[in-house]
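Peer 1: For the record, the sequence lines run as chains A and B.
Each residue of the first sequence is one higher than the last, beginning at 2 in this note's numbering.
Each residue of the second sequence is one higher than the last, beginning at 13 in this note's numbering.
Virtual Cβ for every residue (Gly too), placed ideally from N, Cα, C.
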Amino acid sequence: DQQVKQNSPSLSVQEGRISILNCDYTNSMFDYFLWYKKYPAEGPTFLISISSIKDKNEDGRFTVFLNKSAKHLSLHIVPSQPGDSAVYFCAASPYGTSGTYKYIFGTGTRLKVLA
Amino acid sequence: NAGVTQTPKFQVLKTGQSMTLQCAQDMNHNSMYWYRQDPGMGLRLIYYSASEGTTDKGEVPNGYNVSRLNKREFSLRLESAAPSQTSVYFCASSERVEQYFGPGTRLTVT
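Laid out in structure tokens, this is it:
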């Protein structure tokens with residue numbers, strides 16, 4: 002049973018437009034949510050996080066929105082750039098004791114930004 | 013400042029062989045993790061270590077053992093490799109919410 006789902010395997014967006022990547026979860030005990038970007042043959046790179054006490058977090062071109070009642074989060078990238086083309090993973094974890102968080106990852110969405 | 017490093021980058025094993033994947037971090041993080049990623053799937057947690065001297069099972073621990081050698085190093089051992097363990101293995105470390113990943117080890121078991 003997948004606790005974290007990314008239902009869109011791929012997404013294509015024109016350069017300069019907004020990219021919206023979605024993620025759904027089922028476990029109401031999740032407290033922290035992260036987004037990662039992954040290029041081929043590299044490890045995932047941390048992008049942005051949000052805790053369950055917030056509904057929005059921004060960092061430059063990246064904004065994450067959390068809708069707890071719908072158990073849904075989304076990552077907005079504005080404006081999209083060709084270098085954003087990668088696989089994006091969302092991950093969720095309950096509150097971590099001793100600073101240790103056991104994340105459950107979604108299956109990823111491949112974003113292609115067209116020049 | 014190298015972050016999280018992993019060795020080797022690639023490895024091919026025959027069924028039944030053993031090997032150890034090495035991971036080291038230079039960020040002075042307390043927590044370290046091992047994940048595997050299979051095609052079309054997200055990363056799955058194998059084992060984690062909250063601090064030096066402690067380890068605990070994650071979602072998919074069967075067939076693996078780990079050692080937290082010191083604060084910097086966390087190794088993953090396959091005692092008797094099986095084709096089902098063909099995967100890309102990632103090590104990560106953290107001090108707070110975000111985890112920082114190494115470049116991965118691509119392991120093939122024939």
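Determine the direct distance from the alpha carbon of B/Leu-57 to that of A/Gln-3, and round the result to whole angstroms.
Peer 2: Each residue's Cα considered, the two are about 14 angstroms apart.
Peer 1: For A/Lys-103 and chain B, any beta-carbon pair shorter than 8 angstroms?
Peer 2: Yes - at least one Cβ of chain B is within 8 angstroms of the one on A/Lys-103.
Peer 1: Measure the C-alpha to C-alpha separation of B/Gly-11 and A/Ala-116 and round it to an integer number of angstroms.
Peer 2: Missing from the structure shown is residue 11 of chain B; chain B here goes from 13 to 122 and no further.
Peer 1: With a cut-off of 8 angstroms on the beta carbons, I'd call A/Ala-87 and A/Tyr-104 a contact; round off their distance for me.
Peer 2: About 18 angstroms separates the two Cβ atoms, so there is no contact after all.
Peer 1: Starting from B/Asp-68, follow its DSSP beta bridges and name the residues at the other end.
Peer 2: The partner list for B/Asp-68 (beta bridge, DSSP) reads B/Tyr-60.
Peer 1: Between the stretch 72-99 of chain B and chain A, which residues of the former have a C-beta closer than 8 angstroms to a C-beta of the latter?
Peer 2: Listed in sequence order: no entries.
Peer 1: By how many angstroms is the C-alpha of B/Thr-122 removed from the C-alpha of B/Thr-98?
Peer 2: If I take the Cα positions, the gap works out to 8 angstroms.
Peer 1: Should B/Ala-104 and B/Tyr-47 be called a contact, given that it needs their Cβ atoms to be closer than 8 angstroms?
Peer 2: Yes, the pair counts as a contact, with Cβ atoms nearer than the cut-off.
Peer 1: Under a three-way DSSP split, which group does A/Asp-32 fall into?
Peer 2: Here A/Asp-32 sits in coil by DSSP.
Peer 1: Flag this pair as touching only if the stretch 72-86 of chain A and the stretch 9-21 of chain A have three or more C-beta atom pairs under 8 angstroms; answer yes or no.
Peer 2: Flag = yes, the stretch 72-86 of chain A and the stretch 9-21 of chain A touch.
Peer 1: Select from the stretch 30-60 of chain A all residues with a C-beta closer than 7 angstroms to any C-beta belonging to chain B, and list them in chain order.
Peer 2: Answer in chain order: Tyr-33, Leu-35, Glu-43, Gly-44, Pro-45, Phe-47 and Ser-50.
Peer 1: Assign A/Thr-108 to one of three DSSP states: helix, strand, or coil.
Peer 2: The answer is coil: DSSP assigns A/Thr-108 none of H, G, I, E or B.
Peer 1: Just to confirm, is the Cβ distance from B/Gly-15 to B/Met-39 under 8 angstroms?
Peer 2: Yes, Cβ-Cβ distance for B/Gly-15 and B/Met-39 is below 8 angstroms.
Peer 1: Between B/Tyr-112 and B/Leu-33, is the Cβ-Cβ spacing less than 8 angstroms?
Peer 2: No. Outside cutoff.
Peer 1: Of all Cβ atoms in chain B, is any one closer than 8 angstroms to the Cβ of A/Gly-84?
Peer 2: For A/Gly-84, the answer is no, since every Cβ of chain B falls outside 8 angstroms of its Cβ.
Peer 1: Does DSSP put B/Gln-18 in a helix, in a strand, or in coil?
Peer 2: In the structure shown, B/Gln-18 sits in a strand (DSSP, three-state: E or B).
Peer 1: Grouping DSSP H, G and I as helix and E and B as strand, with all else coil, what is B/Thr-117?
Peer 2: In the structure shown, B/Thr-117 sits in a strand (DSSP, three-state: E or B).
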